[in-house]
Structures are given as C-alpha cells and as structure tokens.
Amino acid sequence: MALEVGSIVEGKVSGITGFGAFVDLPDGKTGLVHISEVARDYVRDIHDHLKPNQVVKVKVLSAEPGGKISLSIKKAAAPRERGVPFSGVPDVVEFASESASSLSFEDKMARFKQLSDERMADVRRGTDNRRSAYHKGQ
2 MALEVGSIVE
12 GKVSGITGFG
22 AFVDLPDGKT
32 GLVHISEVAR
42 DYVRDIHDHL
52 KPNQVVKVKV
62 LSAEPGGKIS
72 LSIKKAAAPR
82 ERGVPFSGVP
92 DVVEFASESA
102 SSLSFEDKMA
112 RFKQLSDERM
122 ADVRRGTDNR
132 RSAYHKGQ
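Numbering (the working numbering), first residue to last: 2 to 139.
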C-alpha cells in the first residue's frame, strides 16, 4: 500500500527525540512528526504529548522517493469543537448573540473594531502594569 499525501493513517510512536517523534506506519515504513506538528499549541517538551508505543492518527504531509515521510498529528486531528479553549488564531470568528449573516458589513466591522479595541486595552493594561512594576523596583 503506497502512502498518499493528504491521507490519514494510524501509526505507533517508535521513538521520540528533541525535534520530533518517529511513527511506524501500517505499511512497514517509518515517518517523522516534527515537534511543530505534534499539537496546535506550542510544544516545549514532546514527552508531555507523546509516549513510546502510543497509537496516533497522522496525516501524511509529504512522501519523498528516498523514503523520507513527513507526518502531522495536529492536521490529522478533528476540527476543534465550539467552546474548547485555544490560545492562538481562531478558526471561526463569532459575533455575540446576533447571527453574523444578518449583520451588514459595516455592522460586522464596527463589532470587530469594538472587540479589537477591548482586547488591545487589556494588552495595554498588562503592559502598563509591567512597566510600572519595573520602574518601582529601580
């Protein structure tokens, strides 16, 4: 069975290194999941996410003729469910209780600007607090 780019298969973690994990695939080949492809969040220590002999679903990113196979666990995972917290860029931007399709473009932009201003105010407050603490210590 030849691996196709984009296919999702199950494999078993055969080795873990500082830069990623090797996964044994069903056809007897071995691929590498780079540490950046393990989880959607930043992975400081890969051992927090994977263990040897763990069965994982992986997506085939590339398969070169020389035998090098690049895999991804995060791209094989099901899309995030609503309500699950995630630190990073959201997949879907939701507006409060009103249906986004019933709002005009101008209303959507006004709502986006308001949310953006609120978030920036929080960032500025945090930055100001750190600055004031730094100056007090001098």
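Ideal placement from N, C-alpha and C gives every residue a C-beta, glycine not left out.
According to DSSP, residues forming a beta bridge with residue i
{"i": "residue 114", "result": "Note: residue 114 sits in no beta bridge, so no partner."}
{"i": "residue 35", "result": "21"}
{"i": "residue 12", "result": "57"}
{"i": "residue 71", "result": "33, 63"}
Unbroken beta strand (DSSP E) run spanning residue i, endpoints
{"i": "residue 57", "result": "56-64"}
Neighbour-count burial assignment, residue i, 16 or more Cβ in a 10 Å radius
{"i": "residue 48", "result": "exposed"}
{"i": "residue 65", "result": "exposed"}
{"i": "residue 122", "result": "exposed"}
{"i": "residue 103", "result": "exposed"}
{"i": "residue 124", "result": "exposed"}
Given residue i as reference, the closest of the options once Cα atoms are compared
{"i": "residue 77", "options": "59, 64, 67", "result": "59"}
{"i": "residue 40", "options": "75, 67, 109, 121", "result": "75"}
{"i": "residue 62", "options": "72, 54, 68, 55", "result": "72"}
{"i": "residue 68", "options": "36, 35, 31, 54", "result": "31"}
{"i": "residue 27", "options": "57, 108, 109", "result": "57"}
{"i": "residue 11", "options": "17, 25, 20", "result": "25"}
{"i": "residue 8", "options": "22, 70, 128", "result": "70"}
Residue-chain proximity (residue i, chain D), Cβ-Cβ < 7 angstroms
{"i": "residue 10", "result": "Checking the listed chains, one finds no chain D in this structure; it contains a single protein chain."}
Helix, strand or coil at residue i according to DSSP, with G and I counted as helix
{"i": "residue 122", "result": "helix"}
{"i": "residue 109", "result": "helix"}
{"i": "residue 49", "result": "helix"}
{"i": "residue 127", "result": "helix"}
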